[in-house]
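K.L.:
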Amino acid sequence: MSVLVYTESEQGKFKKTALEVASYAKAVADQMGTTVTAITFNTEDTSLLSNYGVDKVLNVNNSQLETFNANGYANVIAQAAAKEASKVVIVSSSADCKYLAPLLAIDLNAGFASNVVEAPSSTSPFTVKRTAFTNKAFNMTTINSDVKLVAVSKNAFGLKENSSSATAEDFAPSVPENGVKVESVDKVSGKVTIADAEIVVSGGRGLKGPENWGMIEELADVLGAATACSKPVSDLGWRPHSEHVGQTGKPVASNLYIAIGISGAIQHLAGINASKVKVVINTDPEAPFFKAADYGIVGDAFEVVPKLIEKLKAFKAQQ
Ligand SMILES: Cc1cc2nc3c(=O)[nH]c(=O)nc-3n(C[C@H](O)[C@H](O)[C@H](O)COP(=O)(O)OP(=O)(O)OC[C@H]3O[C@@H](n4cnc5c(N)ncnc54)[C@H](O)[C@@H]3O)c2cc1C
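Numbering follows the numbering used here, with no gaps: position 113 of the sequence shown is 94.
Here is the structure:
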C-alpha cells in the first residue's frame, strides 16, 4: 500500500525533480500513514533518495529502457504499482512526464491530477490544489477513483529533507515491445537547458538585434543560468527556436526569471507565470511586465545589464 513515486534520472543521475517528487511522496505517505517506494530506471546510485524520505527503491536496469520512452516507462511503472499495491502514484510535471502520465493513468485505471502545487489538503477524499489557466488561477480537485495519479509542478513543493534508511531492490519487469527505439540522442552539452534551469535570463525585441546577445549570455554565465527569448526574437532568427518561451514556446518554472527588453504580452507571461521570482528590466515603466514582476528596474538594458554583470562578478569574487 506504499505511495509509489517515479524518480527521473538522466545519464544515471537523479534530476532535481526526482528529489522534489520524492519529498512530495513522503508528505502524502505521512498523511496516509504509509511508506514511500521509488521506482528508478538505470540509475547508478540511489542512496540519495534516503535523504528525502524514500523507504524502498525499485531499480530497473534494462538496456531497452536506457532512453525515455513514454509507453514502456508507463507500463513498467504500472507493474511496480501492482507489485507494491500502490493506490497513489506520484510523478513530476516534467516534459517527459507530460507524455508518460496520461498513458500511466490508462494503465492504472487511475484518476489523474496534473500541475499539483501542494500536499493534499485531505487524503480521504483525496483533494489537491492545482494551477489552472496558465498559472493565473488555482483549483481544488478531488480524485475519486481507487488509484490516484498526481503530477507535481516543478519548484512548487520544493525539496524537503527527511532521512530514512531506504532498502534497494532490483526490479525486473517485462518490457513491452512498442516498435519504437531511440537510437541516439544528440544533446547540447555544457549549457543549462531551459527545462532544468534554476535561473533563466531571457531577452526580447528591446535588445534590438542578435549582435547584442553577448551581454545576455555573459549574465547567464555568471548566474549559471539558461538563456531564453520572446517569440519575435526567435521568429526573426536572432535566437534559436529552442529558446522561445511562452504560450506557444517552452514553459518556464524556474526559481528566478529575468526578462530583459520584453514587454510582457499575455502570451509570453502564460509560459513563465510558474516561475517563482520574476525580475524585469525595461525602459518603459508602463510595460505590462512590471505588473507581473516581483522586482523591476526601469532602465536601459544596455546600461543596466553590464552593471549587473560587474556587480555579480565582484560579489562572486568575494565568496
Ligand atoms: C497566438 C499568439 C501566440 C504567441 N505566443 C507567444 C509566446 O509563446 N511567447 C512570446 O514571447 N510571445 C508570443 N506571442 C507574441 C506576443 O503577443 C508579443 O508580441 C511578444 O511577446 C512581444 O515580444 P517582445 O516583448 O520581445 O517585443 P516587444 O513587444 O517589441 O517589446 C519590447 C520591449 O522592450 C522594451 N525596450 C526597448 N528598448 C529597451 C532597452 N534598451 N532596454 C530595456 N528595454 C527596452 C520596450 O519598452 C518593450 O517593452 C504570441 C502572439 C500570438 C498572437
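Cβ atoms here follow ideal geometry from the backbone N, Cα and C, with glycine treated the same way.
Going along the chain, which residues put their C-beta within less than 5 Å of some heavy atom in ligand 1?
P.N.:
Those residues, listed in chain order, are Gly185, Arg186, Gly187, Ser211, Lys212, Pro213, Gly227, Gln228, Thr229, Gly230, Gly242, Ile243, Ser244, Ala246, Gln248, His249, Asn263, Thr264, Asp265, Ala268, Asp281 and Ala282.
K.L.:
Residue ranges of each beta strand (DSSP E) run of no fewer than 3 residues wholly in the region 12 to 60, ordered along the chain?
P.N.:
Those beta strand (DSSP E) runs which fall completely within the region 12 to 60 and span 3+ residues are 17 to 22 and 37 to 41.
K.L.:
Which whole-angstrom value is the C-beta distance of Val182 and Ile175, which I expect to be below 8 Å?
P.N.:
The Cβ separation is near 11 Å, so there is no contact.
K.L.:
Closer than 9 Å, CB to CB, is Val(-14) near chain B or not?
P.N.:
In the displayed structure, chain B is absent; only one protein chain is listed.
K.L.:
Can you name the start and end residues of the beta strand (DSSP E) that Phe152 belongs to?
P.N.:
Premise fails: Phe152 is in no beta strand (DSSP E) and is neither H nor E.
K.L.:
Buried or exposed: where does Asn125 fall if 16 or more other Cβ atoms within 10 Å of its Cβ makes it buried?
P.N.:
Burial call: exposed.
K.L.:
Please return the same chain residues whose Cβ sits closer than 7 Å to the Cβ of Ser31, not counting the five positions on each side in sequence.
P.N.:
The answer, listed in chain order, is Ser144, Ser145, Ser146 and Ala147.
K.L.:
Pick out the complete alpha helix (DSSP H) segments inside the region 203 to 254, 4 residues or longer, and give them in chain order.
P.N.:
List check, alpha helix (DSSP H) in window: 212 to 216 and 247 to 253.
K.L.:
Just reading off the alpha helix (DSSP H) that Val286 is part of, what are its end residues?
P.N.:
Start and end: Ala282 to Gln299.
K.L.:
Name the residue from Leu46, Lys129, Asn52 and Ser67 whose alpha carbon lies nearest to the alpha carbon of Pro101.
P.N.:
Out of Leu46, Lys129, Asn52 and Ser67, Lys129 has the C-alpha closest to the C-alpha of Pro101.
K.L.:
I'd like to know whether the C-beta atoms of Ser75 and Lys(-4) end up nearer to each other than 9 Å.
P.N.:
Yes, Cβ-Cβ distance for Ser75 and Lys(-4) is below 9 Å.
K.L.:
What distance in whole Å lies between the Cβ atoms of Ser(-10) and Thr18, which are believed to be in contact at a cut-off of 8 Å?
P.N.:
No, Thr18 and Ser(-10) are not in contact; Cβ-Cβ is about 16 Å, not under 8 Å.
K.L.:
At what residues does the alpha helix (DSSP H) containing Ala273 begin and finish?
P.N.:
First-last of the alpha helix (DSSP H) with Ala273: Phe270 to Ala273.
K.L.:
Work out the CA separation of Lys141 and Phe107 for me, nearest whole Å.
P.N.:
Distance between the alpha carbons of Phe107 and Lys141: 21 Å.
K.L.:
Work out the CA separation of Lys64 and Gly205 for me, nearest whole Å.
P.N.:
Those two C-alpha atoms are separated by around 41 Å.
K.L.:
Tell me which same chain residues have a C-beta within less than 7 Å of the C-beta of Tyr80, skipping the five on either side of it?
P.N.:
The residues are Ala51.
K.L.:
Under the DSSP definition of a beta bridge, which residues are partnered with Leu130?
P.N.:
According to DSSP, Leu130 bridges with Val70 and Phe93.
K.L.:
Beta-carbon separation of Ser244 and Gly185 under 9 Å?
P.N.:
Closer than 9 Å, so yes.
K.L.:
Inspect the beta-carbon positions of Ile253 and Pro232 and report whether they are closer than 9 Å.
P.N.:
Result yes, Cβ atoms of Ile253 and Pro232 sit closer than 9 Å.
K.L.:
For the structure I just gave you, are there three or more beta carbon pairs, one from the region 31 to 48 and one from the region 148 to 164, closer than 8 Å?
P.N.:
Yes, the region 31 to 48 touches the region 148 to 164.
K.L.:
Between Cys210 and Phe138, what straight-line distance do the alpha-carbon atoms span, to the nearest angstrom?
P.N.:
So the alpha carbons of these two residues sit roughly 27 Å apart.
K.L.:
Under 8 Å Cβ to Cβ from Ser67, same chain only, skipping five residues before and after it: list those, please.
P.N.:
Met(-18), Ser(-17), Val(-16), Leu(-15), Thr18, Ala61 and Val128.
K.L.:
For Asn263 versus Ile239, is the C-beta distance shorter than 9 Å?
P.N.:
Against a cut-off of 9 Å, the Cβ pair of Ile239 and Asn263 comes out as no contact.
K.L.:
Count the other C-beta atoms from every protein chain shown that fall within 10 angstroms of the C-beta of Met121, then say buried if there are 16 or more, exposed otherwise.
P.N.:
Result: exposed.
K.L.:
What does a CB cutoff of less than 6 Å around Lys7 pick up in its chain, not counting 5 residues either side in sequence?
P.N.:
Answer for Lys7: Val17, Gly34 and Asn143, listed in chain order.
K.L.:
Closest to Ser103 by C-alpha separation, out of Val163, Gln12 and Phe22, would be which residue?
P.N.:
Closest by alpha carbon: Gln12.
K.L.:
Do Ala55 and Ile20 have their CB atoms nearer than 9 Å?
P.N.:
Contact: no.
K.L.:
Hey, could you find the ends of the beta strand (DSSP E) Thr184 is sitting in?
P.N.:
Before going further, note that residue 184 is Gly rather than Thr in the sequence given. Element bounds for Gly184: Ile180 to Gly184.
K.L.:
Straight-line CA distance for Pro266 to Lys259?
P.N.:
The straight-line gap from Cα to Cα measures roughly 16 Å.
K.L.:
With 16 as the cutoff for other CB atoms within 10 Å, does Pro154 come out buried or exposed?
P.N.:
That one is buried.
K.L.:
Which word fits His225, buried or exposed, when buried means at least 16 other C-beta atoms lie within 10 angstroms of its C-beta?
P.N.:
Burial call: buried.
K.L.:
Roughly how many angstroms lie between the CA atoms of Val203 and Leu188, to the nearest whole one?
P.N.:
If you take the alpha carbons of Val203 and Leu188, they lie about 19 Å apart.
K.L.:
Relative to the C-alpha of Thr283, which residue among Gly53, Glu192, Phe296 and Val163 is closest?
P.N.:
Reading off the sequence, residue 283 comes out as Phe, not Thr. It is Glu192.
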